[in-house]
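Taken in order, these protein sequences are the chains called A and S. Take the first sequence: its position 72, counted from the start at 1, is 71 in numbering that gives the first Met the number 0, and no numbers get skipped. Take the second sequence: its position 190, counted from the start at 1, is 189 in numbering that gives the first Met the number 0, and no numbers get skipped.
Number of protein chains: 2
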Amino acid sequence: MSGPGDGAHLTLEQIGQRAGVSRSTVSRVLNGQRDVRPEVRARVEAVIAETGYHPNPAARALVSRRSGLIGLVMLTEVDELFGDPYYSALVNGIQQGCSEHDLISAIFPAAPGPGSQSEALTPQIGQRFVDGVIITAVPQSGPMIEALIARGKRMVVIGHPADDARVTRIDVENRPGSAQAVEHLAGHGKRRIAYVGPPAEYPFGVDRHAGYLDALTATGLSDDGLVQFDDPSVEGGYRAAASLLDHEPEAIFAATDTMAEGAYRAIAERGLRIPDDIAVVGFDGLPRGAVLDPVLTTVVQPVVEVGRRAVGLLASDQPDSLVLPVTLRLGGSCGPH
Amino acid sequence: MSGPGDGAHLTLEQIGQRAGVSRSTVSRVLNGQRDVRPEVRARVEAVIAETGYHPNPAARALVSRRSGLIGLVMLTEVDELFGDPYYSALVNGIQQGCSEHDLISAIFPAAPGPGSQSEALTPQIGQRFVDGVIITAVPQSGPMIEALIARGKRMVVIGHPADDARVTRIDVENRPGSAQAVEHLAGHGKRRIAYVGPPAEYPFGVDRHAGYLDALTATGLSDDGLVQFDDPSVEGGYRAAASLLDHEPEAIFAATDTMAEGAYRAIAERGLRIPDDIAVVGFDGLPRGAVLDPVLTTVVQPVVEVGRRAVGLLASDQPDSLVLPVTLRLGGSCGPH
DNA sequence: TTGAAAGCGCTAACAT
DNA sequence: ATGTTAGCGCTTTCAA
């Protein structure tokens with residue numbers, strides 16, 4: 000008897016022999032083509048099942064020029080990658096997208112910099128190991144994106160600067176979202192609205208800052224020097240907000256929820272209260288914002304949907320770019336609605 | 000002129016033509032074999048560089064029967080995977096191991112259960128897409144492990160039950176580590192030592208509970224019914240500890256730092272103080288334990304090293320199993336040292 | 001509806 | 001030291 004376990008090194012040819020057909024027929028059965036007599040198909044399927052046969056993906060990929068595998072390249076320190084709920088949501092969405100398109104995804108964790116996996120990765124994913132890659136734009140992702148473009152690799156960049164027409168990109172409405180947040184603040188009568196965000200290497204930071212300025216202009220306010228850039232971390236938000244508090248802002252718009260959390264700390268440290276003494280609005284809609292006290296009012300970006308649609312973009316024939324809408328979610332950090 | 004970008008569809012043969020040599024010679028250069036005249040080698044390398052050529056991994060994998068890719072299969076909900084610092088450390092170690100062995104790793108996130116990626120994954124990784132897989136033993140990993148065994152796939156299981164001789168496994172000294180922790184507690188004069196841990200489906204939980212019992216026996220104590228099993232989460236630890244506190248233990252040994260954190264909460268809620276009213280020891284040595292107040296005394300397992308050695312095990316010719324030592328790290332949760 | 005044959009791009013004998 | 005040749009296991013014309 001042949002049980003499973005034999006499947007490891009069987010070939011199409013051998014399956015064909017056992018089923019009394021040619022390898023072509025087995026291939027047809029495997030690929031669900033219809034010109035196979037039901038009776039033959041059943042016989043072949045039986046053999047496949049009882050042998051535990053699985054086709055060799057390398058051989059398949061070689062001839063068909065596709066692997067069914069897409070790569071997620073995260074040029075991020077592993078600790079950061081794993082600590083950040085943004086990536087968690089993103090991967091969730093990508094998984095959804097993959098099952099819709101019959102793909103499987105693999106995360107290639109690649110800390111930036113020399114000696115790391117990112118160097119070894121470029122050639123691997125640059126060729127046909129993966130059918131395409133989804134890559135998140137971070138300050139260090141430029142070279143990798145360039146390499147992939149040069150190699151004609153299919154790719155979707157999340158959060159890539161809009162002015163680069165060479166890549167398919169997906170993003171959220173950073174600029175209008177920020178504007179909406181700041182207008183919300185202005186609508187609450189706040190005049191001195193400060194901005195806390197990441198430095199200009201972060202593409203989303205640029206857009207969110209621009210949205211902030213848009214809203215100030217639209218409402219006849221000015222930034223009044225109330226702008227601080229720092230790392231998009233809790234600490235960065237803390238530092239930026241702390242230095243801003245010297246100038247007595249009435250509100251702080253933080254370009255990320257994470258930085259907003261830092262702002263909360265800085266505010267608490269001064270003995271100020273949110274929202275009575277100062278209002279805060281964040282951006283991202285991460286779960287963490289909901290457990291802050293008061294609950295953070297924030298611009299929610301549809302991260303899961305971004306992941307899902309990124310896969311769609313990768314799989315579609317006419318890869319366009321996509322910008323998804325955001326929504327302001329009211330918490331208690333700006334006072335009563 | 001041919002710039003990079005052309006590399007996408009070049010073959011070895013074409014590189015050979017441009018360099019005026021046969022494809023074999025190019026292959027030799029590519030694979031760093033020495034029987035190539037330096038001058039020829041230089042010429043070939045020049046062509047490779049200027050064309051941006053990269054060999055087709057599928058073709059390579061097909062003939063050489065190896066891909067240089069190893070898979071990390073984490074049968075875990077994505078949120079859990081990304082939220083847990085254990086995995087972060089593990090992946091860090093695996094990355095180290097990969098660069099030592101000239102491999103690249105990809106994480107296959109696979110939530111357990113039907114409809115998810117885990118089903119699609121089995122055949123893919125079951126064949127030669129990856130040279131081997133590292134899989135963390137969780138309650139749901141049984142079927143996947145069986146499938147991989149059946150397929151003769153190279154595999155290292157982290158934390159697999161020791162009595163299964165069919166798989167290469169790597170683990171830490173869960174049982175002796177727990178015993179050491181509990182003996183430490185006993186050494187501080189604690190008699191009523193409670194245990195809080197995950198249910199028996201978690202292999203490490205079984206071992207850690209056994210170590211607890213070992214130590215009780217060795218020190219002439221008994222568990223006195225002071226044992227509670229619950230989810231290995233903060234909440235689980237909280238619940239388990241809360242119910243245990245009714246029986247007035249003098250110390251709690253938590254099988255994971257995460258559960259210990261829950262125990263801290265339950266203890267605080269009763270108005271008890273650590274270590275004066277009750278001592279706590281954890282297991283894992285996660286970063287989070289160090290920011291608890293007081294700092295958690297815990298059994299540190301070398302997670303990064305586990306990852307690194309797992310790759311070594313996968314890459315080595317004689318795959319043995321490995322059990323790494325743990326160390327007790329003193330914090331303030333048991334009183335002065 | 002099925003089989004035979006060619007070939008995907010590479011590595012590894014085997015010649016030379 | 002280098003070239004020639006034969007596959008790796010699959011998909012896909014092309015015939016039958």
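Ideal Cβ placement from N, Cα and C applies to all residues, glycine included. All of these numbers come straight from a predicted model, not from anything done at the bench.
Separation of residue j from residue i, as counted between CA atoms
i                         : j                         : result
glycine 92 of chain S     : glutamate 304 of chain S  : 6 Å
valine 171 of chain S     : arginine 328 of chain S   : 15 Å
glycine 306 of chain S    : valine 155 of chain S     : 10 Å
arginine 207 of chain A   : isoleucine 266 of chain S : 44 Å
glycine 281 of chain A    : valine 137 of chain A     : 20 Å
arginine 65 of chain S    : glycine 131 of chain S    : 9 Å
proline 197 of chain S    : aspartate 162 of chain S  : 20 Å
valine 298 of chain S     : lysine 189 of chain S     : 18 Å
glutamate 145 of chain A  : threonine 75 of chain A   : 17 Å
threonine 326 of chain A  : leucine 71 of chain S     : 36 Å
arginine 349 of chain A   : glutamate 44 of chain A   : In the structure as shown, chain A begins at 0 and stops at 336. Residue 349 of chain A is therefore absent and cannot be evaluated.
valine 28 of chain S      : glutamate 38 of chain S   : 11 Å
glycine 31 of chain A     : serine 63 of chain A      : 15 Å
valine 322 of chain A     : proline 160 of chain A    : 12 Å
leucine 147 of chain A    : glycine 96 of chain A     : 22 Å
leucine 285 of chain S    : aspartate 83 of chain S   : 10 Å
isoleucine 310 of chain S : serine 98 of chain S      : Here the sequence assigns valine to residue 310 of chain S, which means isoleucine is not the residue at that position. Using only the alpha carbons, I get a separation of about 10 Å.
leucine 184 of chain A    : alanine 58 of chain A     : 59 Å
serine 1 of chain S       : alanine 105 of chain S    : Any answer about serine 1 of chain S is weak, because its pLDDT of 34 lies below 50 and its placement is not dependable; what the coordinates show is given next. Whole-angstrom Cα-Cα distance: 33 Å.
aspartate 319 of chain S  : glycine 204 of chain S    : 23 Å
Reference residue i; option with closest CA among the options
i                         : options                                : result
glycine 224 of chain A    : A/Ala214, A/Leu243, A/Thr218, A/Asp206 : A/Leu243
alanine 109 of chain A    : S/Gly261, S/Gly284, S/Ile103           : S/Ile103
arginine 269 of chain A   : A/Ala185, A/Val72, A/Pro248            : A/Pro248
glutamine 227 of chain S  : S/Phe252, S/Ala146, S/Tyr86, S/Ala217  : S/Phe252
proline 202 of chain A    : A/Arg168, A/Pro293, A/Ala185, A/Leu215 : A/Arg168
proline 324 of chain A    : A/Ser177, A/Arg17, A/Asp34, A/His159   : A/Ser177
isoleucine 192 of chain A : A/Val279, A/Leu71, A/Gln94             : A/Val279
glutamine 94 of chain S   : S/Leu68, S/Pro111, S/Thr296, S/Pro197  : S/Leu68
tyrosine 194 of chain S   : S/Asp222, S/Ile273, S/Glu200           : S/Asp222
glycine 186 of chain A    : A/Gly82, A/Ala164, A/Leu321, A/Ala217  : A/Ala217
glycine 261 of chain A    : A/Val233, A/Asp245, A/Ala250           : A/Val233
histidine 8 of chain S    : A/Val181, A/Asp276, A/Leu61            : A/Leu61
alanine 254 of chain A    : A/Pro56, A/Ile273, A/His246, A/Gln179  : A/Gln179
proline 293 of chain A    : A/Ser332, A/Ala309, A/Thr326, A/Ala250 : A/Ser332
methionine 258 of chain A : A/Ile277, A/Pro274, A/Pro231, A/Asp283 : A/Pro231
aspartate 283 of chain S  : S/Ile273, S/Thr296, S/Leu271, S/Arg272 : S/Thr296
isoleucine 157 of chain S : S/Arg308, S/Ala199, S/Leu271           : S/Arg308
leucine 312 of chain S    : S/Pro175, S/Ile133, S/Leu271, S/Phe107 : S/Ile133
glutamate 200 of chain A  : A/Asp229, A/Gly96, A/Pro175            : A/Asp229
proline 56 of chain A     : S/Val129, S/Thr24, S/Pro274, S/Glu182  : S/Val129
histidine 100 of chain S  : S/Asp275, S/Glu182, S/Pro274, S/Ser315 : S/Ser315
proline 335 of chain S    : S/Asp275, S/Pro318, S/Phe107           : S/Asp275
valine 166 of chain S     : S/Leu215, S/Val46, S/Arg33, S/Arg150   : S/Arg150
histidine 246 of chain S  : S/Ile277, S/Leu80, S/Ala164            : S/Ile277
Bridge partners - residue i, DSSP secondary structure assignment
i                            : result
phenylalanine 252 of chain S : S/Tyr194, S/Val280
aspartate 170 of chain A     : A/Val322
threonine 296 of chain S     : S/Val280
isoleucine 273 of chain S    : Partner(s): none; isoleucine 273 of chain S has no beta bridge.
glutamine 227 of chain S     : S/Val195
serine 332 of chain A        : A/Gly334
isoleucine 133 of chain S    : S/Leu71, S/Val155
isoleucine 347 of chain S    : The structure shown does not extend to residue 347 of chain S, since chain S is modelled only from 0 through 336, so no value can be given for it.
leucine 212 of chain S       : None, per the DSSP bridge assignment.
leucine 327 of chain A       : A/Val298
Heavy atom of the ligand MN within 7 Å of residue i beta-carbon
i                        : result
aspartate 283 of chain S : Annotation note on the ligand MN: not contained in the displayed structure, which lists no ligands.
> Got a sec: which bits of the region 31 to 53 of chain S sit with their beta carbon under 9 Å from any beta carbon on chain A, in order along the chain?
Replying inline: Taking a C-beta cut-off of 9 Å against chain A, the contacting residues of the region 31 to 53 of chain S are Gly51, His53, listed in chain order.
>> Count Cβ pairs between the region 290 to 305 of chain A and the region 80 to 89 of chain A that sit closer than 8 Å; are there 3 or more?
In response: Here the region 290 to 305 of chain A lies against the region 80 to 89 of chain A, with 3 or more beta-carbon pairs under 8 Å apart.
>> Measuring CB atoms only, is the region 229 to 240 of chain A touching the region 207 to 220 of chain A, in the sense that at least three cross pairs come out at less than 8 Å?
In response: Taking a contact to require three or more Cβ pairs closer than 8 Å, the region 229 to 240 of chain A and the region 207 to 220 of chain A do not qualify as touching.
>> For the region 129 to 154 of chain S, list every residue whose C-beta sits within 7 Å of some C-beta in chain A, in sequence order.
In response: If the cut-off is 7 Å between Cβ atoms, the region 129 to 154 of chain S has Ala149, Arg150, Gly151 near chain A.
> Does the region 135 to 153 of chain A come close enough to the region 281 to 299 of chain A that 3 or more CB-CB pairs lie under 8 Å?
Replying inline: Touching, no.
>> Is it the case that the region 13 to 30 of chain S contacts the region 39 to 52 of chain S, given that we only count it when at least three CB pairs across the two stretches are under 8 Å?
In response: Yes: at least three Cβ pairs fall under 8 Å.
>> Output needed in chain order: residues of the region 310 to 333 of chain S with a Cβ under 8 Å from some Cβ in chain A.
In response: Listed by position, the residues of the region 310 to 333 of chain S near chain A (Cβ gap below 8 Å) amount to none.
> In chain order, what residues of the region 234 to 245 of chain A put their CB closer than 7 Å to some CB of chain S?
Replying inline: Flagged: no residues at all.
>> Which residues of the region 71 to 85 of chain A have a Cβ closer than 8 Å to any Cβ of chain S? Give them in chain order.
In response: Those residues of the region 71 to 85 of chain A that come within reach of chain S (Cβ to Cβ, closer than 8 Å) are Val77, Asp78, Leu80, Phe81, Gly82, Asp83, Pro84.
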